[in-house]
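Peer 1: Please see the structure below; I have some questions.
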Amino acid sequence: FILMKVTKIGVMGAKGSFSEEAGRTYVKKYAKLKKFEILYLITAENVLSEIEKGAINIGIFPIENSNGGIVLEAVHAMAKYNFHIKKMFEIDVHHNLLVKKGVTADKVKTITSHDQAIKQCRMYLKRMWPKVNIKIYMDTAKAAEDLAKGKLPASTGVIASRMAAEVYKLDILEESIKDLKFNYTSFIAAERMK
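Offset between the sequence shown (1-based) and my numbering: plus 1269.
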């Protein structure tokens, strides 16, 4: 009987984030881990600080999107911490506009999400929501969670993943709202320096 060690994977984002999706892709496709635990660390800074402390085995965070460009938050965090890049890989990102159950398009006054998600949907937002207030949020999935918990007004729409809609029981007002058909985000799987 061998006791299997649980690999701790820290992701930039809340439950239902694209980083969680990337973390699960990494586990399945590259690391082929059987026992792992995902920790939702919200920011790139938290992910890299936990790696440096040795509190997690692997950190997953986005570095660049084919449409939105460099993820500045990740670059700033990378400059502060020592870590080793174990793997770089990409996933196809599909943004959706999420709202509280029963909220219709005419009720949406504000749309919020991570800066990158907003960049990847900017033409859609200009075209479809010219009069709506656009606000930056720390994380796509955290915005969905806060909308579900009533921390954001019910008149708020959130750009996030389909998984976030399921996790937080939100309606998808519109699917696949990204500007470009192909919207890939490159992620880093980082580990502690040996």
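Yeah, the Cβ is synthetic: ideal placement off N, Cα and C, and Gly gets one too. Keep in mind the model is a prediction, meaning the values are calculated, not measured.
Cβ atoms of E1414 and A1300: under 8 Å apart, would you say?
Peer 2: Going by C-beta atoms, A1300 is not nearer than 8 Å to E1414.
Peer 1: Start and end of the beta strand (DSSP E) containing F1483?
Peer 2: Beyond the ends of the chain as shown, which are 1270 and 1463, falls residue 1483; an answer cannot be given.
Peer 1: Tell me the rounded alpha-carbon separation between N1351 and I1380.
Peer 2: Approximately 36 Å between the Cα atoms of the pair.
Peer 1: Is D1415 helix, strand or coil when you go by DSSP?
Peer 2: D1415: helix per DSSP, three-state reduction.
Peer 1: With DSSP run on the structure shown, which of helix, strand or coil describes V1427?
Peer 2: It is a strand residue.
Peer 1: Give the secondary structure of V1296 by DSSP, where H, G and I count as helix, E and B as strand, and everything else as coil.
Peer 2: The answer is helix: DSSP assigns V1296 an H, G or I state.
Peer 1: Measure the beta-carbon distance from T1276 to I1327 and round it to whole angstroms, keeping in mind my assumption that it falls under 8 Å.
Peer 2: Correct: roughly 7 Å between the Cβ atoms.
Peer 1: When the distance is taken between beta carbons, is S1430 closer than 8 Å to N1365?
Peer 2: Contact flag set, yes.
Peer 1: Would you mind giving the Cβ-Cβ distance between I1332 and S1455, rounded to the nearest angstrom? I have them listed as a contact below 8 Å.
Peer 2: That pair is a contact at about 5 Å.
Peer 1: What separation, rounded to the nearest whole angstrom, lies between the Cα atoms of V1362 and E1460?
Peer 2: When rounded, the distance between both Cα atoms is 24 Å.
Peer 1: Excluding five sequence neighbours on each side, which residues of the same chain lie with their C-beta closer than 6 Å to the C-beta of G1292?
Peer 2: Excluding residues within five positions, the ones whose Cβ falls inside 6 Å are I1278, V1280, I1307, I1329.
Peer 1: Hey, how far is the Cα of N1402 from the Cα of A1343?
Peer 2: Each residue's Cα considered, the two are about 26 Å apart.
Peer 1: Quick check on the burial criterion: 16 or more other C-beta atoms within 10 angstroms. Buried or exposed for D1408?
Peer 2: D1408 comes out buried.
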